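Asks: Numbers in this note's numbering are just positions in the sequence shown, counted from 1, shifted up by 669. Each residue gets a CB set at the ideal place from its N, CA and C atoms; glycine is no exception. Keep in mind that this is a model prediction, so the values were computed, not measured. Just passing along the structure, written as structure tokens.
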Amino acid sequence: MNSTHVIILCVIVFIGAFLLAFWVWNKLNVEKVRSAELEAKKILSEAEKASETMAREARLQAKDELYQMKREFEEEAKEQRYELKKQQKRFSQKAERLDRKIDAAGRRENEISKKERELLRKETRLRDKEKHYDSVIEAEKRKLEEISGVSAEKAKELLIKTMENEARFEAAKLIKQIESEARETADKKAKGIIATAIQRYAGDYVAEKTVSVVNLPNDEMKGRIIGREGRNIRAIEAATGIDLIIDDTPEAVILSGFNPVRREVARLSLERLIVDGRIHPARIEDVVKEVSKELDLTIREAGEQAAFDLGVHGIHSELIYQLGKLKFRTSYAQNVLQHSIEVGFLAGIMAAELGLDLKQARRAGLLHDIGKAVDHEVDGSHALIGAKLAKKYGESPRVIHAIAAHHEDVSPESVLAVLVQASDALSGARPGARREMLETYVKRLEGLEEIANSFKGVKKSYAIQAGRELRIMVESDRISDEDVTLICRDIAKKIEEAMTYPGQIKVTVIRETRSVEYAK
């Protein structure tokens, strides 16, 4: 066989194989189509069965829902019919009640109209009687005027005067009764609160002077302080603004000045110069500057410590500084800062007893004399100066008013103002707290007795208890028991208006009736 036959044979084999493969492939496709048709028929059959089942279930569910809705609708309709019946019944009952009320109102209207007609008839009869009685009274009045010889106007004046005396007498009795009742309750309460405040706070007191004394190691130091031709003493006085008094007092120099802060600067500076030993004008100026800075720090610390002791926070730094300056200020020899702290504690204790704001009361008490720190620089009362200072640095209106009213430069309009006023009087009036000059003390006693003797009916008056009590003897034939209450009140009021004094003054009026007979 040659190559051509081989090729032809291969082609025939290839064609035969291709035909065989095509026949097999066709056979397989026919089988797949047949199986696919069978599968499709099976799926369609199952789908038809499932759809029939779902249709039956849907019909059953629709029937159940329809039945349920029908049932709910019937129940709701039944309830609405029941409510409508109830409302209809209520409306019918209300209509019946309204009918009864209308009938009752008609009957009342008829009765009222009858009563009105009756009242009109009575009013007419009363007018006629009034006219008749007026004519009778006029006739009797004319007869009385003819018999007594006094006109109606004169009789009216006499009657008014008699009634006025009786009213005054009754008013005095009523005042006496009210005062006794109020004294039984208010006095006990007030004394209890004040006693509690005093017991819970007991402050120290220190008697200070308007001069300071610096002790010297020896008398030779006086010459060094004076310096050549007095240059050292002049430098000290110029730098501090305080007068130095160097006299025969052994080993002592007296510093005199009205400004307590400057006096303290001068005292500390002089003590430091004595210890240092270098005393000349340049050194004096340096020491005074150093001491002034240190004292400013001490003043601020004193103010902060006072606020801390009272538990008062949020005070402006300038007010703290002015408060610290009160450490070097005295009032009747009482240290003003210590007095302010004491007033703050007393006001806080009394506020707590009365159920008021304790911290606000302490704040007002601590700041009540803040005006004294600058009153030598500003004109006016220290209370009003202090109120302006507190307002400038953001204090509350209630605290400002309490500061302004604590000496009644402004009328107190709050319980807080009265508490601060009472605490201030209590702190200044306690024994040993303050010291007065003898001349001022005597003048006050004389003034009290002079005021008492200026009233009519006063026989004698005595200022006792260091001027804290005034006892007055009145003439029993000119002053009645009821007038005693009025005259006591008038004298106390006049003392308040005419005099200035710390604390309070008790006024006691005594009326004595004596009956004397002789057995013969």
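Consult DSSP for residue 1140 and reduce its assignment to one of helix, strand or coil.
Replies: strand
Asks: Count Cβ pairs between the region 956-966 and the region 937-948 that sit closer than 8 Å; are there 3 or more?
Replies: Yes, they touch.
Asks: Nearest to residue 1163 by CA position, among 727, 1117, 1077, is which residue?
Replies: It is 1117.
Asks: Within the same chain, show all residues whose beta-carbon is closer than 6 Å to that of residue 881, passing over the 5 residues directly before and after it, in chain order.
Replies: These residues qualify, in order along the chain: 924, 932, 936.
Asks: According to DSSP, is residue 1173 part of a helix, a strand, or is it coil?
Replies: coil
Asks: Kindly provide the ranges of any alpha helix (DSSP H) runs that are 4 or more residues long and lie completely inside the region 1060-1095, ordered along the chain.
Replies: 1066-1074
Asks: From this set, 747, 964, 985, which residue's C-alpha is nearest residue 1036's C-alpha?
Replies: The residue among 747, 964, 985 with its C-alpha nearest the C-alpha of residue 1036 is 985.
Asks: Compute the Euclidean distance between the alpha carbons of residue 705 and residue 695, then round it to the nearest angstrom.
Replies: C-alpha separation (whole angstroms): 15 Å.
Asks: Residue 1050 by DSSP, collapsed to three states: which one?
Replies: coil
Asks: In chain order, what are the residue ranges of uninterrupted alpha helix (DSSP H) at least 4 long that sit wholly in the region 974-1025?
Replies: 986-994, 1005-1022
Asks: For residue 934, report the span of its alpha helix (DSSP H) as first-last.
Replies: 929-945
Asks: Tell me which same chain residues have a C-beta within less than 8 Å of the C-beta of residue 1114, skipping the five on either side of it?
Replies: 1132, 1136
Asks: Can you tell me whether residue 650 is buried or exposed? The criterion is at least 16 other CB atoms within 10 Å of its CB, across all chains shown.
Replies: There is simply no residue 650 to check, as the chain begins at 670 and stops at 1189 in what is shown.
Asks: When burial is assigned at 16 or more other CB atoms within 10 Å of the CB, is residue 1041 buried or exposed?
Replies: Counting Cβ neighbours within 10 Å, residue 1041 comes out buried, since at least 16 surround it.
Asks: Short check: CB of residue 1031 to CB of residue 1016, under 8 Å?
Replies: Cβ atoms of residue 1031 and residue 1016: closer than 8 Å.
Asks: Between residue 1075 and residue 1170, what straight-line distance do the alpha-carbon atoms span, to the nearest angstrom?
Replies: 13 Å
Asks: Using DSSP with H/G/I as helix, E/B as strand and the rest coil, what is residue 720?
Replies: Taken through DSSP and simplified to helix, strand or coil, residue 720 comes out as helix.
Asks: Note down the Cα distance separating residue 803 from residue 795, rounded to an integer number of angstroms.
Replies: 12 Å
Asks: Note down the Cα distance separating residue 699 from residue 708, rounded to an integer number of angstroms.
Replies: 14 Å
Asks: Going by DSSP in three states, residue 751 sits in which element: helix, strand or coil?
Replies: helix
Asks: Between 1080, 692, 1039, which lies nearest to residue 1061 when the distance is taken from Cα to Cα?
Replies: 1039
Asks: Taking the C-alpha atoms as reference points, what is the distance between residue 730 and residue 749?
Replies: Distance between the alpha carbons of residue 730 and residue 749: 28 Å.
Asks: Check whether the Cβ atoms of residue 1147 and residue 1126 sit closer than 8 Å, and answer yes or no.
Replies: yes
Asks: Identify, in the order they occur along the chain, each residue of the same chain with its Cβ nearer than 7 Å to the Cβ of residue 895, setting aside the five sequence neighbours on each side.
Replies: 901, 902, 915
Asks: Report all residues from its chain with a CB closer than 6 Å to the CB of residue 885; omit the five preceding and five following residues, and keep chain order.
Replies: 920
Asks: Return yes when the Cβ of residue 1165 is within less than 8 Å of the Cβ of residue 1096, no when it is not.
Replies: no
Asks: Can you grab the Cα-Cα spacing for the pair residue 904 / residue 996, in whole Å?
Replies: 26 Å
Asks: Would you identify the three-state DSSP class for residue 912, choosing helix, strand or coil?
Replies: strand
Asks: For residue 923, which of helix, strand or coil comes out of DSSP?
Replies: strand
Asks: Tell me the DSSP bridge mates of residue 1180?
Replies: 1143
Asks: Rounded to the nearest angstrom, how far is the Cβ of residue 1176 from that of residue 1161, given a contact under 8 Å?
Replies: 5 Å
Asks: With which residues is residue 882 paired in a DSSP beta bridge?
Replies: Note: residue 882 sits in a beta bridge opposite 923.
Asks: Considering only residues of the same chain and omitting the five flanking positions on each side of residue 1059, which have a CB-CB separation below 8 Å?
Replies: 988, 1036, 1039, 1068, 1069, 1072
Asks: Just the Cα atoms here: how many angstroms apart are residue 811 and residue 784?
Replies: So the alpha carbons of these two residues sit roughly 40 Å apart.
Asks: Below 8 Å on the Cβ atoms is my guess for residue 1078 versus residue 1052; work out the distance and round it to an integer in Å.
Replies: Residue 1078 to residue 1052, Cβ: 5 Å. Contact.
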